[in-house]
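Peer 1: Sequences listed follow chains A and B, in order.
Mapping of the first sequence onto the working numbering: position 42 corresponds to residue 863, and the numbering continues sequentially without gaps.
Mapping of the second sequence onto the working numbering: position 92 corresponds to residue 73, and the numbering continues sequentially without gaps.
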Amino acid sequence: ILNVEQSPQSLHVQEGDSTNFTCSFPSSNFYALHWYRWETAKSPEALFVMTLNGDEKKKGRISATLNTKEGYSYLYIKGSQPEDSATYLCALYNTDKLIFGTGTRLQVFP
Amino acid sequence: DSGVTQTPKHLITATGQRVTLRCSPRSGDLSVYWYQQSLDQGLQFLIQYYNGEERAKGNILERFSAQQFPDLHSELNLSSLELGDSALYFCASSVDYRGGMNTEAFFGQGTRLTVV
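(1) Among the residues of its own chain, which have a CB less than 6 Å from the CB of B:L69, if the five just before and after it don't count?
(2) May I have the straight-line CA-CA distance separating B:G23 from A:T923, to the nearest angstrom?
(3) Within 7 Å of any Cβ in chain D, is that where the Cβ of A:I883 sits?
(4) Mind pulling the chain A residues with CB within less than 7 Å of B:S(-17)?
(5) Hey, A:L896 and A:F851: beta-carbon distance below 7 Å or not?
(6) Any C-beta of chain A sitting closer than 7 Å to the C-beta of B:Q49?
(7) State the DSSP-derived secondary structure class of A:L927, mapped to helix, strand or coil.
(8) On the criterion of 16 or more Cβ atoms from any shown chain inside 10 Å, does A:L919 qualify as buried, or is it exposed?
(9) Output the boundary residues of the beta strand (DSSP E) element that contains B:Q17.
(10) Roughly how many whole angstroms lie between the Cα atoms of B:F88 and B:V0?
(11) Suppose you measure from the CA of B:Q(-13) to the CA of A:L854; what does that come to, to the nearest Å?
(12) Is DSSP giving B:E34 helix, strand or coil here?
(13) If the cut is a Cβ gap below 7 Å, which residues of chain A does B:E85 touch?
(14) So B:Q29 and B:Y14 are in contact, right, with Cβ under 8 Å, and what is the actual spacing, rounded?
(15) Suppose contacts are defined by Cβ-Cβ distances below 7 Å. Is A:T908 in contact with A:R882 by that definition?
(16) I'd like to know whether the C-beta atoms of B:R7 and B:G(-16) end up nearer to each other than 7 Å.
(17) Is DSSP giving B:L2 helix, strand or coil here?
(18) Output needed for A:Y893: all residues of its chain with C-beta closer than 7 Å, excluding positions within five of it in sequence on either side, in chain order.
(19) Measuring CA to CA, which of B:L20, B:Y16 and B:Q49 is closest to B:L42?
(20) Which of the residues in the segment 0 to 14 of chain B, read from start to end, lie with their CB under 8 Å from any CB of chain A?
(21) For A:L896, name the three-state secondary structure that DSSP assigns.
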């Protein structure tokens, strides 16, 4: 059974703070790691798909890194804004299954 | 708009009944994934289809079944419903066989099922 773990479970930050979350996964037989952003009452939307050890991806103020040898990925948000408030999910792709972690719920206060 | 359409948006039914949830993937996507999100739970993978064939199974109960049709739309059938089946059911699609290798999954808006 694939176990994808995310920490912390929730996070409250002030507008302007930078923050980061962790996704941990089994390092064997790695294929791809996804990050999604899930706003309340909407459906998850993809942020990044990462496949190579050492990958770094960036979209605006959000970036992610990947370490497949030790089985973790970090998601960073620089200068958090209230509109960044959402649940951030990582998902591990393995043998036709996309297995999600339980997410990190971020709340950014103005 | 992700391009993935799920119907109905809401469904209320009684225990013991059977329902069918429908998903139309994005144009051109061959893979369809079904997920269940229960209260305080994450997205639980149920099943994946590619071009009409079942490719992977997750924690899907025997009372549940799915299929993907030649026009690539998919249906998730839930039977002998129990109170605990109340959840948000998501469908997602992706473009290629190994849907998660290099391409993201696009999610529908979900069907909220309430069993009373």
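Think of the CB as a built atom: it goes at the ideal place given N, C-alpha and C, for glycine as much as any other residue.
Peer 2: For this structure:
(1) Q18, G91 and R93
(2) Roughly 4 Å separates the two Cα atoms.
(3) Structure shown: chain D not included; protein chains present are A and B.
(4) S864
(5) No. Outside cutoff.
(6) It does not: the Cβ of B:Q49 has no partner Cβ on chain A nearer than 7 Å.
(7) strand
(8) buried
(9) S12 to Q18
(10) 21 Å
(11) 25 Å
(12) strand
(13) H855, A867 and V870
(14) Correct: roughly 5 Å between the Cβ atoms.
(15) no
(16) yes
(17) Correct three-state label for B:L2: strand.
(18) For A:Y893, where only same-chain residues beyond five positions count, the Cβ hits under 7 Å are T843, C844 and S845.
(19) Taking the Cα of B:L42 as reference, the smallest distance to any Cα among B:L20, B:Y16 and B:Q49 is reached at B:Y16.
(20) Cβ contacts with chain A come from Y14.
(21) strand
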